[in-house]
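Novice:
Numbering (the numbering used here), first residue to last: 24 to 185.
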């Protein structure tokens, strides 16, 4: 049997964006500026597991920024995973955290007229946390007495207590 000649595999294929990238002329989203465009920043948790006791947005809002927290968002859970079987069991996240379950989790979002103001306002948001136990050993995490991240799970649109 004769091997078919491949047109792409094993061949040098020129990139359409290669010249623009290596010459610094490629346009990225950060390079785009539109009229009335807002800039955003996310306030992230420094804790891997914590209860959010309070969020003070007053300083950021006094700068002219708009801040949203868990209290402001629709309470719709979603699945951030690309592949989940079954998909219905993993609707466990809100856009902003009600309780921190991983370091870097978003607890507030800031919008402002400039990138600099968005950054400054995000740093002005004051979050008071109550750190909770963290389990770093996967075997210990399976023990019944181990700290639990979730009190409920979603099965389809039904919430089930653990």
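Where a beta carbon is used, it is the ideal one built from N, C-alpha and C, also for glycine.
Which runs of the alpha helix (DSSP H), 4 residues or longer, sit entirely within the stretch 141–174?
Specialist: 161–164
Novice: In whole angstroms, what is the alpha-carbon distance linking residue 93 and residue 133?
Specialist: Reading the chain shown from its first residue, position 70 is the one you call residue 93. Reading the chain shown from its first residue, position 110 is the one you call residue 133. If you take the alpha carbons of residue 93 and residue 133, they lie about 13 Å apart.
Novice: Jot down the residue ranges of each uninterrupted beta strand (DSSP E) in the stretch 31–94, minimum 3 residues, whole runs only, in chain order.
Specialist: 62–67, 73–79, 89–92
Novice: Given a cut-off of 8 Å, decide if residue 72 and residue 138 are closer than it, judged by their beta-carbon atoms.
Specialist: The residue given as residue 138 occupies position 115 in the chain shown. The residue given as residue 72 occupies position 49 in the chain shown. Cβ atoms of residue 138 and residue 72: not closer than 8 Å.
Novice: Should residue 129 and residue 81 be called a contact, given that it needs their Cβ atoms to be closer than 8 Å?
Specialist: Stepping through the chain shown from its first residue, residue 129 is reached at position 106. Stepping through the chain shown from its first residue, residue 81 is reached at position 58. For residue 129 and residue 81, no; Cβs fall outside 8 Å.
Novice: Can you give me the C-alpha to C-alpha distance between residue 163 and residue 171, rounded to a whole angstrom?
Specialist: Along the chain shown, one-based indexing puts residue 163 at 140. Along the chain shown, one-based indexing puts residue 171 at 148. If you take the alpha carbons of residue 163 and residue 171, they lie about 11 Å apart.
Novice: Contact check, residue 120 vs residue 75 under 8 Å by CB: the rounded distance?
Specialist: As a first step, residue 120 must be located in the chain shown, where it is residue number 97. As a first step, residue 75 must be located in the chain shown, where it is residue number 52. Residue 120 to residue 75, Cβ: 7 Å. Contact.
Novice: Just verifying my parser: in three-state terms, what is the DSSP assignment at residue 25?
Specialist: The residue given as residue 25 occupies position 2 in the chain shown. Coil.
Novice: Does the beta-carbon of residue 98 have 16 or more other beta-carbons within 10 angstroms, so that it is buried, or is it exposed?
Specialist: The count along the chain shown starts at 1 and reaches residue 98 at position 75. Exposed, since its Cβ has fewer than 16 Cβ neighbours within 10 Å.
Novice: Does DSSP put residue 120 in a helix, a strand or coil?
Specialist: Here residue 120 refers to the residue found at position 97 when the chain shown is read from its first residue. The answer is coil: DSSP assigns residue 120 none of H, G, I, E or B.
Novice: Return the CA-CA distance between residue 157 and residue 51, expressed in angstroms with no decimal places.
Specialist: Counting from 1 along the chain shown, the entry for residue 157 is found at position 134. Counting from 1 along the chain shown, the entry for residue 51 is found at position 28. Computed Cα separation, rounded: 39 Å.
Novice: Residue 182 lies in the beta strand (DSSP E); which residues open and close that run?
Specialist: As a position in the chain shown, residue 182 is number 159, starting the count at 1. Per DSSP, residue 182 belongs to the beta strand (DSSP E) from 181–184.
Novice: Is the CB of residue 44 under 8 Å away from at least one CB in chain C?
Specialist: Looking at the structure shown, chain C is missing, and only one protein chain is on hand.
Novice: Considering only residues of the same chain and omitting the five flanking positions on each side of residue 184, which have a CB-CB separation below 8 Å?
Specialist: Your numbering for residue 184 matches position 161 in the chain shown. Closer than 8 Å at the Cβ level, and outside the excluded window around residue 184, lie 174, 175.
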